[in-house]
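Take 1 as the starting number for the sequence shown in UniProt numbering and just add one per residue.
Glycine included, each C-beta is placed from N, C-alpha and C at the ideal position.
In this text, all values refer to a predicted model and were calculated from it rather than measured experimentally.
In what follows, a structure is listed as structure tokens, so that the remarks can point back to it.
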Amino acid sequence: YAKTIEISKILADPEQFPVLKSAYETIIKNSNYDAVHIRNGCYNPKHASVSGDHKHYQIWSGWREKVMISPGSELFLNIDLTYAAIVKKGELIDYIKKILGRENLSDLVTGYTNRDFNAVCVEIKGMEIKCKHNSITKKVVQLVNETANSYTFEFTHEGENYTNNVREYFKLKYNTILRYPEYPLVQIGPISKNIYIPMELALI
């Protein structure tokens, strides 16, 4: 798809400014074939640095650009340098194991005073995850001091009302048998709602 625009005509019509700004920003974003677009930023993975105590993420440098049109109909390009912490796609549960350097995570439920528990909360807060059971993408709020065995709630399934724990909920509604019901649950957004899922059902 190609579209020809006449810049002089667009600059003469302020209502067309968004079209011109969008066109310039698209050209700039696609001028670097090595760049990876994440939200409204462009990043170059070739110059990444490894970070984290267990080398579990990378720091990518990049930029955010914005085209501005002055009252005198002049075009300006504003570029801000930016950085992003990049985590490889995979299982959230494997990522947490890598952070802590161990396989068994059942002792994380000792509570919010637990140093490892708090460290994981800091690392995963704001991370985008995809829920395996419904393919919805949400942001992580935190770990919670509850497990799929201990946390119970009310829900409706096929017209029947139930009060049961998270383990039985996923077994009943999604025919999913959890492997680690003793691991802490993950709270996902929005933060105003108490939505908890097992960490084994979260994909980064």
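Alpha helix (DSSP H) segment containing residue i, residue limits
i, result
"Leu172", "Val166 to Tyr174"
Beta strand (DSSP E) segment containing residue i, residue limits
i, result
"Gly41", "Gly41 to Tyr43"
"Gln187", "Pro184 to Ile188"
"Thr198", "Residue identity differs from the one stated: residue 198 is Pro in this sequence, not Thr. It spans Ile195 to Pro198 - the beta strand (DSSP E) in which Pro198 sits, taken as one unbroken run."
"His56", "Per DSSP, His56 belongs to no beta strand (DSSP E) and is neither H nor E."
"Ile38", "Val36 to Ile38"
Integer Cβ distance of residue i from residue j, believed to fall under 8 Å
i, j, result
"Ala148", "Leu178", "5 Å"
"Ile99", "Ala119", "7 Å"
"Trp63", "Ile79", "5 Å"
"His133", "Tyr180", "Going by Cβ atoms, the distance from His133 to Tyr180 rounds to 15 Å, so no, they are not a contact pair."
"Ser61", "Asn44", "7 Å"
Burial state of residue i, where buried means 16 or more other Cβ atoms lie within 10 Å
i, result
"Pro184", "buried"
"Val166", "buried"
"Val122", "exposed"
"Ile124", "buried"
"Pro190", "exposed"
"Thr198", "The question names Thr, but residue 198 in the sequence shown is Pro. Label assigned to Pro198: buried."
"His37", "exposed"
"Glu15", "exposed"
Contacting residues, own chain, Cβ-Cβ under 7 Å from residue i (five flanking each side not counted)
i, result
"Val144", "Pro184, Leu185, Gln187 and Tyr196"
"Gly126", "Lys139 and Val140"
"Asp116", "Leu100 and Leu108"
"Lys46", "Asp34"
"Thr152", "Thr163, Asn164 and Asn165"
"Asn40", "Arg64"
"Tyr95", "His56, Val87 and Ile204"
Beta-carbon proximity list for residue i, same chain, < 8 Å, skipping 5 on both sides
i, result
"Ile129", "Leu92, Thr137, Lys138, Lys139, Val140, Val186, Ile188, Ala202, Leu203 and Ile204"
"Glu154", "Asn161, Tyr162 and Thr163"
"Lys97", "Glu103 and Leu105"
"Leu172", "His157, Tyr162 and Asn164"
C-beta neighbour in chain B for residue i, strict 9 Å
i, result
"Lys132", "Absent from the structure is chain B; it holds one protein chain and no more."
Residues of its chain near residue i, where Cβ-Cβ distance is below 6 Å and the 5 sequence neighbours each way are ignored
i, result
"Leu105", "Tyr183"
"Glu146", "Leu185"
"Thr176", "Phe170"
"Leu81", "Trp63"
"Asn194", "none"
Cβ-heavy atom distance, residue i to the ligand GTP, below 8 Å
i, result
"Ile204", "Annotation note on the ligand GTP: not contained in the displayed structure, which lists no ligands."
Secondary structure, beta strand (DSSP E): runs of 3+ residues fully inside the region 71–159: 75–86, 128–131, 137–147 and 152–157
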